[in-house]
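Presented below is the structure to which this report refers.
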Amino acid sequence: MKYLVYLLFLALVLAHHDFWWWDQHRPFIFGTIPVGLAWHVGISLGAAFVGILGILFCWPVDDDEEEALIESAAPPSQSQEHS
Amino acid sequence: MIAQAAGNSGMVSLVVIVCYMVMLIALGYFASRSFKGTSADYFVASRGIGPFVLLMSLFGTTMTAFAIIGSSGEAYNAGIGVYGKMVSWSGIFHSFCFFLVGIKLWRLGKQHGYMTQIQFFRDRFESNNIGLLLFPILVGLIIPYLLMGVIGGATAIEKITTGAFPEMFAATKGGLPFWAGGLMMCVVVLIYIFFGGVRGAAWANALQTSIFVVLGIVMFVVIANKLGGPAAATEQVAKYNPSYLKVSISEADHERFLAQQAAFEAGESKVQPREPEAIPPLIFLTYMFIPFSVAMFPHLFQHWLTAKSASSFKLSVVMHPLLMMLTWLPCVLIGIWATSATMPDGSLVIPIGTPQNSVLPIMIAKLVKSPILGGLVTAGVLAAIMSSLDSQFMCLGSIFTNDIVGHYIAHEKLSDNTKVLLGRGFIVVIVAITYLLALQLRGASVFKLGVWCFTGFASLAPLVFGALYWKRLTKMGAYATILTAVAVGGYLFWDASRLEGTKEPTIFGVMPVALIFAASTIAMFVVSLMTPAPSHATLKKFFKNP
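From first to last, the protein sequence lines stand for chains A and B.
At position 30 of the first sequence (counting the first as 1) the number is 30 in the numbering used here, and the numbers step up by one without a gap.
For any residue, its number in the numbering used here is found by taking its place in the second sequence, counting from 1, and adding 83.
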């Protein structure tokens, strides 16, 4: 499933270069939005959808680690002296 | 009679704006009552911000005059392509950066107590002096970002308050002059972050983001209705300026333009057509690098550190692209409609030659007849702008206090009270510098300023990705990345600054950001591989499998 999320992300990036709409402005979606603009609105919606899948299948912090991090209270950074 | 009506309407709008400003100050006061008196509370809200406020503050911080004034102005200049260049690319890559960079940095910040980006880089690159190199660069890149806000906001206030003070400010047709509007915004932001710190900024952002999203939609509906409905407004553009409804242009578009121009000159049409504008494919493609700037924004870094948990990021990952769409789509449509919208007498609402920063304020002033609504809509525009200004001012105060004075001068021995005091003092200085620069550069294009500012931050993004995901990235590799970005970026900026008007700066047909990004990435890899790897202790601190 993880790889499907990567593939969908890649598809979204490729779909952004929508040269097939570049030279036409009709149809107007909902009578208002030129088709090229509507396509990019679709990409925004797609980005949110891929975000949901990313959270479900690729989330980088597991519950135990998160619990431990929330509990911990590191003091403000006292950076080490480096050369 | 007409002048008196304009005066009343300008004054009513001003009163609405002033009421909004007072509300923000009150919010700062309430945030200050939750202030615990520690520097960690002032600078990172004790790392206790939940998902909703985090979403609103991340989104509010990234949306500024660029999104409201700049987007409509650029759509007016170049058509629908502006949405693809900025919004859909950002929808994809902003969430990507929150996911891959934000969560990881939040984890490291929590583990090691970081309050600024420079503290992280100093430890990760084992370099005491990297802050001295990064500090002036980050400040230098944030200032144009701040300028966008002040210029955009002050322009909007001046236009919407037209007629409020006809005798006192005759030069601005009675509108509150640019200097006064800018001053009012700067002082209000200063007051609420002065007392509320980053919590005040986050709360104000949550409020302001809700306001500008809602009022943006209200503005869209009202303007669309004034133009006979959204479908009629788009059809008007299809009639006079169809090239603005697509990305590329053809020979037929040129011929149509020439025919309509001839009809206008012969007096057969009242609508002067606009010259067709196309966005070259490589420009459209290489705009993809611009959104990587969020990975390096120091003010966003600070907001990431305020998160209560990693789960707090989930809402932002999903909702950020949707909120961007909700904010930009109405502005882009209004900008396109502005190319062809006419007044009842048949003349253009936006005369040809109008500066692009003024397109939205003029649309509001001429079409939104209700002064209360006009004031509210302008308050929404100001909300978007001020929700970025506050975070940026806060972040600069934090960097100066923790990374410069705290680290190099007082050697980490400052008391919490002194840190807060220093942070506030530096914020006052930066606000003053920004305000004075805005007075000098008030005619600059908000969109252009934004693109160069984002270009600078995006060019440094390989540094943060490398620091988090490439163990072999060394101190010298980091310096090479930064210096290459500065050298190549500085040269390209100088070269592009000779371009006039709204012309897009390109190098070999691509956006400068693509070349700078590539150059800094190559420098990072080559120099890192030629220099000794980081110590095991450092790798252990930053990677699960050193």
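Don't be surprised by glycine CBs; every beta carbon is placed ideally from N, CA and C.
Legend entry - Cβ pair count under 8 Å reaching 3, the stretch 394-408 of chain B against the stretch 191-209 of chain B: Not touching, per the Cβ criterion.
Inset, instruction - Flag A/F30 as yes if its beta-carbon sits less than 9 Å from any beta-carbon of chain B, otherwise no. - result: For A/F30, the answer is yes, since a Cβ of chain B falls inside 9 Å of its Cβ.
Legend entry - chain B contact for A/L4 (CB, 9 Å cutoff): Among the CB atoms of chain B, none fall inside 9 Å of the CB of A/L4.
Inset, instruction - Output the distance between the C-alpha atoms of B/V523 and B/G246, rounded to the nearest integer angstrom. - result: It should be pointed out that residue 523 of chain B corresponds to Gln in this sequence rather than to Val. In this structure, the CA atom of B/Q523 is about 24 Å from the CA atom of B/G246.
Inset, instruction - Just the chain B side, please: which residues come within less than 7 Å of A/F19 by C-beta, in chain order? - result: Contact note: A/F19 reaches chain B through P364, using a C-beta cutoff of 7 Å and chain order.
Inset, instruction - Within the same chain, show all residues whose beta-carbon is closer than 7 Å to that of B/V165, passing over the 5 residues directly before and after it, in chain order. - result: Within the same chain, B/V165 has close Cβ partners S154, E157, A158 and V415.
Inset, instruction - Drop a sphere of 10 angstroms on the beta-carbon of B/M407, count the other beta-carbons inside from all chains shown, and report buried for 16 or more, exposed for fewer. - result: In this structure B/M407 is buried. Its beta-carbon is surrounded by 16 or more other beta-carbon atoms within 10 angstroms.
Legend entry - Three-state class that DSSP yields for B/V184 in the structure shown: Note: B/V184 maps to helix in three-state DSSP.
Legend entry - Burial state of B/A443 (16 or more Cβ within 10 Å): The sequence as given places Leu at residue 443 of chain B; Ala does not occur at that position. It is buried - the Cβ of B/L443 has at least 16 other Cβ atoms within 10 Å.
Legend entry - Three-state secondary structure assigned by DSSP to B/I445: For B/I445, the secondary structure class from DSSP, reduced to helix, strand or coil, is helix.
Inset, instruction - Please list, in chain order, all residues of the same chain as B/V609 whose beta carbon is under 6 Å from its beta carbon, the five residues on each side excluded. - result: For B/V609, where only same-chain residues beyond five positions count, there are no Cβ hits under 6 Å.
Legend entry - From B/L409, B/I294 and B/L459, residue whose alpha carbon lies closest to that of B/V98: Of B/L409, B/I294 and B/L459, the residue nearest in Cα terms is B/L459.
Legend entry - B/I226 and B/I590 closer than 9 Å at C-beta: Their beta carbons are not under 9 Å apart, which means B/I226 does not touch B/I590 by this criterion.
Legend entry - Of the residues B/A570, B/Q475 and B/P364, the one placed nearest B/I276, counting alpha carbons only: Closest option to B/I276, Cα to Cα, is B/Q475.
Inset, instruction - Take the Cβ of B/S498 as the centre, count every other Cβ of all protein chains shown within 10 Å, and call the residue buried at 16 or more, exposed below. - result: Here B/S498 is exposed. Its C-beta has fewer than 16 other C-beta atoms within 10 Å.
Inset, instruction - Give, in chain order, every residue of the stretch 159-174 of chain B whose Cβ lies closer than 7 Å to some Cβ of chain A. - result: Here the close residues are I163, Y166, G167, V170, S171, W172 and G174.
Legend entry - Under 9 Å from the C-beta of B/T145: neighbouring residues of chain A: Those do not exist, as B/T145 stays about 14 Å from chain A at its closest Cβ, beyond 9 Å.
Inset, instruction - Using alpha carbons as the reference points, say which of B/R581, B/K627, B/A568 and B/F347 lies closest to B/I605. - result: Residue B/A568 holds the alpha-carbon nearest to the alpha-carbon of B/I605 among B/R581, B/K627, B/A568 and B/F347.
Inset, instruction - Name, please, each residue of chain A whose Cβ falls closer than 7 Å to the Cβ of B/M408. - result: Under the 7 Å cutoff, chain A gives V41 and S44.
Legend entry - Per DSSP, cross-strand counterpart(s) of B/F203: DSSP lists no partner for B/F203.
Inset, instruction - Sort A/E71, A/E65 and A/L56 by Cα distance to A/V5 and report the nearest one. - result: When each option's Cα is compared against that of A/V5, the closest is A/L56.
Inset, instruction - Note down, in chain order, each residue of its chain lying with its Cβ closer than 6 Å to the Cβ of B/I213, except the 5 sequence neighbours on either side. - result: Taken in chain order, the residues that qualify are F204 and R205.
Legend entry - B/F182: contacting residues in chain A (beta-carbon distance under 7 Å): The contacting residues are G54.
Legend entry - Neighbour flag for A/P27 against chain B, beta carbons, 9 Å: False, the Cβ-Cβ gap to chain B never drops below 9 Å.
Inset, instruction - Specify, as a first and last residue, the run of the alpha helix (DSSP H) that B/Y562 falls within. - result: Looking at the DSSP string, the run of the alpha helix (DSSP H) that includes B/Y562 is K558 to A579.
Inset, instruction - Taking B/I132 and B/A393 to be in contact with their CB atoms under 8 Å, please state how far apart those CB atoms are, rounded to whole angstroms. - result: Incorrect: roughly 13 Å between the Cβ atoms, too far for contact.
Legend entry - Three-way DSSP call (helix, strand, coil) for B/I482 in this model: For B/I482, the secondary structure class from DSSP, reduced to helix, strand or coil, is helix.
Legend entry - Cβ-Cβ distance between B/L236 and B/V464 below 9 Å: Per the sequence shown, residue 236 of chain B should be read as Gly rather than Leu. Contact flag set, yes.
Legend entry - B/V432 - DSSP class collapsed to helix/strand/coil: B/V432 falls in the coil class under three-state DSSP.
Inset, instruction - Can you check the stretch 230-294 of chain B for any beta strand (DSSP E) of at least 3 residues that lies completely inside it and give the ranges in chain order? - result: Taken in chain order, the complete beta strand (DSSP E) segments of 3 or more residues contained in the stretch 230-294 of chain B number zero; there are none.
Inset, instruction - Take B/L556 and list the residues in its own chain whose beta-carbon comes closer than 7 Å to its own, dropping the five residues that flank it on each side. - result: Here the set comprises G549, A550, M607 and S611.
Legend entry - Min CB distance B/E318 to chain C below 9 Å: This model lacks chain C altogether, as its protein chains are A and B.
Inset, instruction - Please list the partners that A/L14 has in chain B, where partner means a Cβ-to-Cβ separation under 8 Å. - result: Those within 8 Å of A/L14 in chain B number zero; the least Cβ separation is about 11 Å.
Inset, instruction - Spatial neighbours of B/L310 within its chain, please: CB distance less than 8 Å, with the 5 preceding and 5 following residues excluded, ordered by chain position. - result: Closer than 8 Å at Cβ, skipping near neighbours: A316, Q319, W420, A424 and L450.
Legend entry - With 16 other Cβ atoms within 10 Å as the buried cut-off, status of A/L10: By the neighbour-count criterion, in which 16 or more other beta carbons inside 10 Å mark a residue as buried, A/L10 falls on the exposed side.
Legend entry - Beta carbon of B/M268 nearer than 9 Å to that of B/L472: The answer is yes: Cβ separation under 9 Å.
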